[in-house]
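Reading through the structure tokens given below for one structure.
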Amino acid sequence: MYASLQRTLERYFHFRELGATWRTEILAGFTTFITMAYIVFVNPAILSKTGMPIAAVTAATCLCAAFGSILMGTIARYPIALAPGMGLNAYFTYTVCLKMHIPWQTALGAVFISGVIFLLLTIGGIRQMLVEAIPRELHAAVAGGVGLFIAFIGLTDAGIVVKDPATAVTLGNLRLPQTALALFGLILIALLQVFRVRASILIGIAGTMLTGFIFGQVQWTPTHYRLADITATAFKLDIRSALHVGAFEIIFVFLFVDLFDNIGTLVAVSKKAGLIRSDAHSGTTIPRLSRIFFADATATVAGSLAGTSTVCSYIESSAGVAVGGRTGIPAIVTGICFFISLFIAPLVGAIPTSATAPALIIVGALMLGSVAEIEWQNPHVAIPAFLTLIMIPLSYSIASGLGIGIASYAILQLFSGRARRKDWLLYVLAAVFIFRFVYLTKA
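Numbering-wise (our numbering), the sequence shown opens with residue 15 and increments by one.
Structure, rendered in structure tokens:
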């Protein structure tokens, strides 16, 4: 019976076609979870500033990450994990609640509305059309730009790169204990990569964490959270107030940023995993795209009901892909780990950024290989690709970098006489992005 179930699951997840093995897929799931486990504590720390009970937000974070990741892995069969999004949680807290003085219950109502709109756009096929409208030449640029982005995050988390008032960023103090620990982890993972150790990233994170324990760099403060704590935020959203508070701008930001961040993450991870199909007749296609968007939108709705900001796809999923994850199993394993972390949150919190930062840097380096596919000799492609590549990390936003790439690509096509009627949606997208950039500049 066990063998029969295993064969059924392998057929469903296309193990043979993708060359997947259970060992690699499960390992990829653990790797993804470890690189994004910080959200279990960072998200509650940010949202609690709105007055939301930290224990309730912790429970909601774990449950929504578990639900979204398992849903993605099960119905879309992609190695993409979901959790409350960084950036959107900061917008939720600092802009909507603290700056605009909107109650967190109303803000959750706005998140719910944006999630419902996502579902409607998905059912209507609009989100799928948006992905297909993005030129395939920019897909490789997005993947490379996201690689630079997460490497930059890893470098700043490690303290290797720090802020500087004169030059924006500069080299950090490499003698600081946490930075030195991150450098040790970076070298360890790099050496394991050189020797082609399959579990190099996971082993590197574990080895760095163990070293941190030995030298007193890992702090552990026991704190207990219960599933029942979620009742303080669950179903507390105020949809009626969100509709009457003039929340169009808020809903639009939640909708816009999540939509294009999700597209950028999807393209980058799918490209790295080799799951994007391209041919001369149908162009670039991503299998089961509507299911991916359905899982993302449903997770956002569930998150608003449970008591957390917008749930979205995580680029850290590329860490699991880097160790060989190809099916939906890594996302399911990540989701199970998030559910378990609700009960062992203090242990999850013991993973220092010094241990996860090196993994992000290495994964970023691995993702840059996609830029070799760009036609650098063709300025119609090279310039938009470069702008996409560089602006994703410099703007600290996948959506902004993608938008600049699309807008520049459309402008070059239009003014060089290469515009085609069938690409109308590309020009609509470019116009929307240009409007957004102008609007934000005025704001």
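Heads up, the beta-carbon is just placed ideally off N, CA and C, and yes, glycines get one too.
With DSSP as the reference, label residue i as helix, strand or coil.
i, result
"K177", "strand"
"V325", "strand"
"L202", "helix"
"L188", "coil"
"V337", "coil"
"A182", "strand"
"T22", "helix"
"T35", "coil"
"T314", "helix"
"T299", "strand"
"F357", "coil"
"I215", "helix"
"P393", "helix"
"E387", "helix"
"E330", "coil"
"A294", "Bear in mind that the predicted position of A294 carries a pLDDT of just 48, short of 50, making it too unreliable to give a figure here."
"R210", "coil"
"F268", "helix"
"F262", "helix"
"T247", "coil"
Spatial neighbours of residue i within its chain, please: C-beta separation below 8 angstroms, excluding the five flanking residues on both sides.
i, result
"M223", "V232, A364, I365, P366, A369"
"I290", "H153, V281, S284, T298, T299, I300"
"A70", "D243, I244, T245, A246, T247, A248, G321"
"F274", "I412, A413, L416, G417"
Taking C-beta to C-beta, are residue i and residue j nearer than 8 angstroms?
i, j, result
"I329", "A282", "yes"
"G342", "D252", "no"
"F126", "L319", "yes"
"V325", "A313", "yes"
"A316", "A95", "no"
"S411", "A154", "no"
"G349", "G87", "yes"
"V271", "L102", "yes"
"L380", "A147", "no"
"R170", "F198", "Sequence inspection shows Thr at residue 170; the Arg mentioned does not correspond to that position. No."
"V56", "T72", "no"
"F44", "C351", "yes"
"L190", "G173", "yes"
"G159", "L403", "yes"
Using a Cβ-Cβ cutoff of less than 6 angstroms, which residues in the same chain neighbour residue i once the five nearest sequence positions on both sides are dropped?
i, result
"F106", "A121, S323"
"F163", "I406, P407"
"S296", "In this predicted model, S296 has a pLDDT of only 49, less than 50, meaning its place in the structure is not dependable; the value taken from the coordinates is given anyway. Within the same chain, S296 has no close Cβ partners at all."
"M100", "none"
"E389", "V395"
"L401", "I418, G419, S422"
"I264", "V110, A124"
Tell me which same chain residues have a C-beta within less than 7 angstroms of the C-beta of residue i, skipping the five on either side of it?
i, result
"L32", "R340, T341"
"I478", "Only positions 15 to 457 of the chain appear in the structure, and residue 478 is not among them; the question remains open."
"S327", "I94, L96, N276, T279, L280, D310"
"K177", "V183"
"A194", "L188"
"A294", "Model confidence at A294 stands at a pLDDT of 48, short of 50, so the residue's coordinates are unreliable; what they give is reported in the following sentence. Contacts found: none."
"E387", "A154"
"L41", "A213, L216, V337"
"A256", "T120, G123, A124, I127"
"I68", "P58, S62"
At a threshold of 7 angstroms, does residue i count as lining the ligand NAP (C-beta to nearest heavy atom)?
i, result
"I84", "With respect to the ligand NAP, the structure offers nothing, as it holds no ligand at all."
Cβ pair count under 8 angstroms reaching 3, the region 239-259 against the region 66-79: yes
Report the start-end ranges of each beta strand (DSSP E) in the region 59-145 that is 3 residues or longer and not cut off at the edges. 96-98
Taking contact to mean at least 3 C-beta pairs separated by less than 8 angstroms, is the region 55-72 in contact with the region 296-314? no
Flag this pair as touching only if the region 385-403 and the region 420-436 have three or more C-beta atom pairs under 8 angstroms; answer yes or no. yes
Stretch-stretch touch, CB-based, cutoff 8 angstroms, three pairs: the region 201-217 with the region 36-51: yes
Using a Cβ distance threshold of 8 angstroms, determine whether the region 107-118 contacts the region 372-379, with at least three qualifying pairs required. no
Whole alpha helix (DSSP H) elements within the region 401-453, 4-residue minimum: 412-429
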